[in-house]
Structure formats: structure tokens, C-alpha cells
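Quick notes on the structure that follows.
Chains as they are written, first to last, in the numbering used here: chain X, 861 to 1104; chain P, 117 to 380; chain W, 62 to 317.
This is how it looks when you write it as C-alpha cells:
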């Protein structure tokens, strides 16, 4: 069965776009197509030219298990850099800076198995950032974490995004998370998925989380998006029970 | 299982050897009491003396060395070939389709049955032994490597691709490291096989090696030396296995299972 | 990973592989790429095989070898399973036998053949006992591991429902441990065959291995090939049978 219907999506530089929708609607599939891992009819253009498969211009952070278990934290982060042309001293400097950015000083020589879920995702993010991609693709990056860790990581991601202003395309099932982080949210219908609604989110993200999450603007946006996603989920339920 | 405190001493390193000492004492008692014909079961003292004599002499060292060399060469070649084959089978569907039945077929064939064939082709000696060991070590390495490579999670592969890893480099950077636990498990099996096939081949037809030596002692009626030589090979095989386990624990420091102790 | 061909496809490819090998073999032999001593034609091997079947020598040898392997395997099972369970339940027994097992497990059991010959002669008894010796370890270890890892909860539930000690053994521990125990039996099967054939090759006394060596000594290549192929076939059939048994059995056992 088809995973996706026709998708026409444009993302401007510096935007933080989230894709939400009912389970199985194909949002991860869309991300993988943009990442160059899956083929699809049609084209994915970055800065006007078509992509030819995965590449360091589009950094990807998966939900879990993507760190190389046999490499230390530092070596994981250095992995992408090794394919580049930078001299070793510079590569080390970048790695050190990123380790500081994610707050894992002292853990450079640990193996992933020694890290908690949140720490592992931090390393995954750092590893992706090491190659300085223009675009970040995040596939439910915090889905495997517990609620508290998730909030901490969202703040981390927000902080990093505010500092680097990268273009981000994130897939998440957590509507509140999408509203908290994104400048634009696309709602997908159930499989075969297509984008049925878009929301522009205009929140001041420099204020503390407690203030932001309890504000009227945030809750209004969250309710609107949630209702839209719920409509899609209910429609999916109904059609799955409909006679063939 | 928690143990009551008074028994914990039994499981200390010294305590674990105790049963062997007990068996040794029983053996010695049986010999002293003359319950068995001493030519059928030399006393531990006589065997002990024979071991000492052997170790200080050249015979066992030379022959043991030959046997271990043959086993090691066959093991190394068989493992390398097996890893390569296993990786190929896991990565190429076409290769797997044609190679798999051959691999499955060799599983059911006792490799030692090929020794007479090798003798026919290569005569008595090292080539035959190494061939037999090679073939025996091949299968466990192929099966385990294939399993390790084919179970590599998709996100690991994609992650590496996203960082620009070339298809050739994928093997070294992703597939083989991921398969390392399975490869080590296969090596342990292959190590055992290498000893069995080396000794079998030497016993069946060879002019030297520990297998031949054991048989020679038997035929000449030097039973205490025969027991001694067997004891030597048992200890060597045990130590080789322990060495591999130590290497495994070291090489797999990064693996999730590293928290638990090495497998007994 | 990629699409697996269906079962039919797999069987067809297996057949193609095997047929290709046979055809290449025959062609190479006919073209005299190697002397008939080294590589007798497949057809020659086949006819030799048939004649040994017809005159009864092959079936006799095969039956003898299989019988030795079977008895040895049964002995190993009769000792290994009860001892494994006993060791799992009794710490003293575990302590007593653990170093012996740890020492013996990695060692090449064939090295002990001369001892068995010394004690029991060169005919069947020594071979059967060597097979038992070689097979008891995987069965013992497998049973011990399986029995000692039976979920506590099963045992406690049964005990609180008033099951006796013996009842616990037969109604909880054995059924729960059975799949792993059976797996260790399946591992022991090829060990029994290998040990039998090797022991026969080394010390004679009849059986497939002995005849195989005999043929080799007299450079009867077709017989060598024929016997090897028979061993291969026997191994395949027996393992297939074990697989069938495994699939037929435990549908009603817990843990499946």
C-alpha cells in the first residue's frame, strides 16, 4: 500500500518545521525520502538542486540506536568529520566544542552503553551538528525518552536552534512538543499520507519554559493543532472500519 | 541465586579447584588400594611424573607445537574465509541463494570424514590437517558472521550513509563491528573444532603431532605417558579457550552485555 | 533484509547449486583434468555406491555406525539430562562437577579415544562410550542452563498451589526447559556421528569410518567418495528428522 500521496512542501531557510499526524501516516517515511534513504517519485530539491541519496548537508537524528555502540562518545562525534578534509587538530576542536555544547564533558571516552537515553540523544545531535549541515532532519528524536528527559531535551534543542538558526524538519507524535519548538506545523492525514493543514506558530521562544507553556498563545495553538490531528486520527479509525 | 554465606568460600578460585583435587585423591586411593590393574589406570603419581618428564623433554613440546601450528593456521584461514563468506551471504541476496544450500550441506557432513579424501589428494601430513581444520572452522564463522551482519539495524546503516560512508567502507565501519559479538561466539566454536580436527587428523594418519604421539604411547604400552599427553592437550585446549574468552571480553568492552561477567 | 525467495524458490536454487556441482564434477572427471584416482567421475562413484548397497556392505557399515552413535547418544542423554537437572537444583552437585565440566568441555574428546580403547577394546564398546562421553557435555550444559533459568514465578506459583517437589520437576521445570534441552540434543546429534566416524577411522573395528580408511589405503577412490556422500546424506536426513520432531512436538508446551 502506498505510504504517501502527493506531497508538495517548501521549507525556507531557518524555519523549524514539524510534521505531526496519526500513527502510521507516513511522516517518518517523508523524512526518510527527504534524507535520501528512500526513493520516491518526484524530487527533493535542496537550494534548487536535486539530492542523490544521503549526504552530510542533511544531518539526521534518529529516534534511537543510531550511535555506533563500538565507538566512544568522542569518536562517534568525530565520525562524520573523518570523511571530510579538515586537519585532525580542527576536528578535535570541533568535537570538544560540541561536547561542551551538549554538556557531556568528562564523558568523552565512555561508550554509548554507559549513557542514559537522554545522553545518547545528545551525542546523536552533536554528531549530526559536527558536520555543520544546513538542514537538520529529526525523526521523533525524543520519542524513546521519559517525560522529564524529553522536556530537558526539548529545551536543549531549542537553545541550539536559537544559537545556530539551522533549517529543521522534525517528525513527532507529540503535538505540544511541535508547538513548543516549531515555527510551522504540517498536519498529515492517515496513510496514504498527505499534508492537509498547516499552522504558523509565532511564539516568543526566549522566555522560560514555565511561562511559555502556561501562556494563552501556546495553549491556543496547541489546542488547534491537536484537534486537527485528532480529526485525522478519527478519520483513519472510521475508514479502517469501513466496508472494503 | 543467592548463596548462604558459609558456601561462598566454596566458589572462590581455590574452592572451585577443590573438586578436582578430590577426584585426584579418589584416583590415588583407587590406585593404592589396587582396585584396578595399574596398567589400565596408572596412579596419578606416575602420570604426574610422566607429565613432568614430558614437559622437560623435547618430545611433547615439539609435537604440541606442530599440532598447535596446524590448528592455528587452519583456524586463522578458516575464520577469515568464513567471515568474508558470511558477510557476502548477508549482503548479497543472489550470493546467498546459491551459497546457502552448500553451506547447509556442509553442516551435516562430519568434516573428519573428508580426511581420507585429503590423504588421497595431499598425502599424510600438514596440508591434510590444515585443510580439515580449515573446513571445520568455516561453517560456524559463516553462520555467525552472516547473522551478525544481517541483523545490523537500519538506522545504523542509514546513519553511516548520512555521514558519507562509501559502500566499501560500510563493511569495516558498520557491518563487521556490529557482527563482532557473533564473530567472537563463532570463534569459540571454531577454536574447539580446530583442536578436534587437528587431533583427529593426526590420529588417523600422521607422522607427528600430539595426536600421533598419544597413539604411539598407547601402542608401545607407555600408558602413563599416554595419560600424561592427553592431560597436556586437555589443559592446553582449556587455556586456549580461556584466552579467547579474555580476548572476547576485551574486544567487546563496548557491548551491552559487558556488564555481565564472561560466559562460563 | 532484502526479499527472501519463497520456499519453492529456495528449494529450486538449492537444486541448481547441487546439480551444477555434479555436472562440473562429471565434466572435470571426463576431461581428465585430474587422474581418476583423485577425482573419479560422479557416475563411477554412483555405480560404486550402488554396488556396495546391493552387496549389503554399505548398509551393514551404516547400520553399525548409526547404532553405535545412537546408543552413545542415548547414554549421554540418560546421564546428561538427569544430572543437568540435579545440578540445577542442588548447589553441592553443581560445585562438585563444575570444574570437571569446565575443563572437559573445550577439550577434544577424540583425544580420549586411546584411553577407551585401552579399557574397552577396539570394537563397539569403546566407541559407544566415547560417543557418550563426547555428547554428554553439550546435553548436560544445555540442560543445566535451561533448568536453572526456569522462571521463578512458575515454580513459586506451582509450589503455592501445593505441587510436590517431584510434581514441580515433571510439570513445571521439564516442560519449561524442554525447548532448550531439545536444542542441545540437536547439537549433540552431529557430535555423535562425527565421534563415531572418527573413532572408526582411527581404530578400525568395522563401520563406515573403518571401511572409509580401508578404501583410502587401497586407493579405491570411488568407494571413498561414495561413503563420504552417504555420510553426508545420513547427516542431512537425521538432522531433518530432528527438525521435524522439534516442530511436531512442543505446540502445547509453555514458552511457545
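Glycine residues also receive a C-beta, built at the ideal position from the N, C-alpha and C atoms.
Under the rule that 16 or more other beta-carbon atoms within 10 Å means buried, what is residue i, buried or exposed?
{"i": "residue 930(X)", "result": "buried"}
{"i": "residue 76(W)", "result": "exposed"}
{"i": "residue 281(P)", "result": "buried"}
{"i": "residue 138(P)", "result": "exposed"}
{"i": "residue 289(P)", "result": "buried"}
{"i": "residue 341(P)", "result": "buried"}
{"i": "residue 111(W)", "result": "exposed"}
{"i": "residue 278(W)", "result": "exposed"}
{"i": "residue 154(P)", "result": "exposed"}
{"i": "residue 1064(X)", "result": "exposed"}
{"i": "residue 122(W)", "result": "buried"}
{"i": "residue 298(P)", "result": "buried"}
{"i": "residue 170(P)", "result": "buried"}
Using the three-state DSSP reduction, which class does residue i fall into: helix, strand or coil?
{"i": "residue 919(X)", "result": "strand"}
{"i": "residue 131(P)", "result": "helix"}
{"i": "residue 85(W)", "result": "helix"}
{"i": "residue 305(P)", "result": "helix"}
{"i": "residue 125(W)", "result": "helix"}
{"i": "residue 325(P)", "result": "coil"}
{"i": "residue 1000(X)", "result": "coil"}
{"i": "residue 168(W)", "result": "coil"}
{"i": "residue 872(X)", "result": "coil"}
{"i": "residue 118(W)", "result": "helix"}
{"i": "residue 315(P)", "result": "helix"}
{"i": "residue 176(P)", "result": "helix"}
{"i": "residue 1027(X)", "result": "strand"}
{"i": "residue 173(W)", "result": "helix"}
{"i": "residue 888(X)", "result": "helix"}
{"i": "residue 1059(X)", "result": "strand"}
{"i": "residue 152(P)", "result": "coil"}
{"i": "residue 1046(X)", "result": "strand"}
{"i": "residue 210(W)", "result": "coil"}
{"i": "residue 994(X)", "result": "coil"}
{"i": "residue 964(X)", "result": "coil"}
{"i": "residue 878(X)", "result": "strand"}
{"i": "residue 224(P)", "result": "helix"}
What is the rounded straight-line gap between the Cα of residue i and the Cα of residue j?
{"i": "residue 96(W)", "j": "residue 282(W)", "result": "11 Å"}
{"i": "residue 1024(X)", "j": "residue 1090(X)", "result": "33 Å"}
{"i": "residue 953(X)", "j": "residue 988(X)", "result": "15 Å"}
{"i": "residue 218(W)", "j": "residue 303(W)", "result": "33 Å"}
{"i": "residue 921(X)", "j": "residue 980(X)", "result": "11 Å"}
{"i": "residue 301(P)", "j": "residue 260(P)", "result": "7 Å"}
{"i": "residue 127(P)", "j": "residue 163(W)", "result": "14 Å"}
{"i": "residue 271(P)", "j": "residue 914(X)", "result": "12 Å"}
{"i": "residue 939(X)", "j": "residue 275(P)", "result": "10 Å"}
{"i": "residue 165(W)", "j": "residue 268(W)", "result": "27 Å"}
{"i": "residue 186(W)", "j": "residue 128(W)", "result": "11 Å"}
{"i": "residue 881(X)", "j": "residue 267(P)", "result": "30 Å"}
{"i": "residue 198(P)", "j": "residue 283(P)", "result": "20 Å"}
{"i": "residue 879(X)", "j": "residue 243(W)", "result": "50 Å"}
{"i": "residue 1016(X)", "j": "residue 149(W)", "result": "51 Å"}
{"i": "residue 1018(X)", "j": "residue 189(P)", "result": "57 Å"}
Looking at residue i: is its Cβ nearer than 8 Å to the Cβ of residue j?
{"i": "residue 258(W)", "j": "residue 237(W)", "result": "no"}
{"i": "residue 168(W)", "j": "residue 349(P)", "result": "yes"}
{"i": "residue 245(W)", "j": "residue 203(W)", "result": "yes"}
{"i": "residue 329(P)", "j": "residue 179(P)", "result": "yes"}
{"i": "residue 885(X)", "j": "residue 1048(X)", "result": "yes"}
{"i": "residue 1072(X)", "j": "residue 983(X)", "result": "no"}
{"i": "residue 271(W)", "j": "residue 261(W)", "result": "yes"}
{"i": "residue 998(X)", "j": "residue 1035(X)", "result": "no"}
{"i": "residue 1043(X)", "j": "residue 873(X)", "result": "no"}
{"i": "residue 1053(X)", "j": "residue 898(X)", "result": "no"}
Taking Cβ-Cβ distances shorter than 8 Å, what residues in chain B pair up with residue i?
{"i": "residue 342(P)", "result": "Of the chains in the structure shown, none is chain B; the protein chains are X, P and W."}
Inset, instruction - With 7 Å as the limit, tell me which residues of the segment 306 to 325 of chain P have their beta carbon closer than that to any beta carbon of chain W; keep them in chain order. - result: Per Cβ criterion, the list reads 308, 311, 312, 315, 316, 319 and 320.
Inset, instruction - Check distances from the C-beta atoms of the segment 269 to 280 of chain P to those of chain X and list, in chain order, the residues that come in under 7 Å. - result: So the list reads 269, 271, 272, 274, 275, 277, 278, 279 and 280, given in the order they occur along the chain.
Inset, instruction - Could you run through the segment 227 to 248 of chain W and flag, in chain order, every residue whose CB is less than 8 Å away from some CB of chain P? - result: So nothing in the stretch comes that close.
Legend entry - Residues of the segment 966 to 989 of chain X with Cβ closer than 7 Å to any Cβ of chain P, in chain order: For the segment 966 to 989 of chain X, which is checked against every Cβ of chain P, the residues closer than 7 Å are 971 and 973.
Legend entry - Where the segment 901 to 920 of chain X meets chain P: residues whose CB sits under 9 Å from a CB there: The segment 901 to 920 of chain X vs chain P, Cβ under 9 Å: 913, 914, 915, 916, 918, 919 and 920.
Legend entry - Contact set between the segment 192 to 219 of chain P and chain W, restricted to residues whose Cβ is under 7 Å from the partner: Under the 7 Å Cβ criterion, the segment 192 to 219 of chain P contributes 209, 213, 214, 217 and 218.
Legend entry - Members of the segment 929 to 951 of chain X near chain P, C-beta cut-off 7 Å: The residues in question are 929, 930, 939, 940 and 943.
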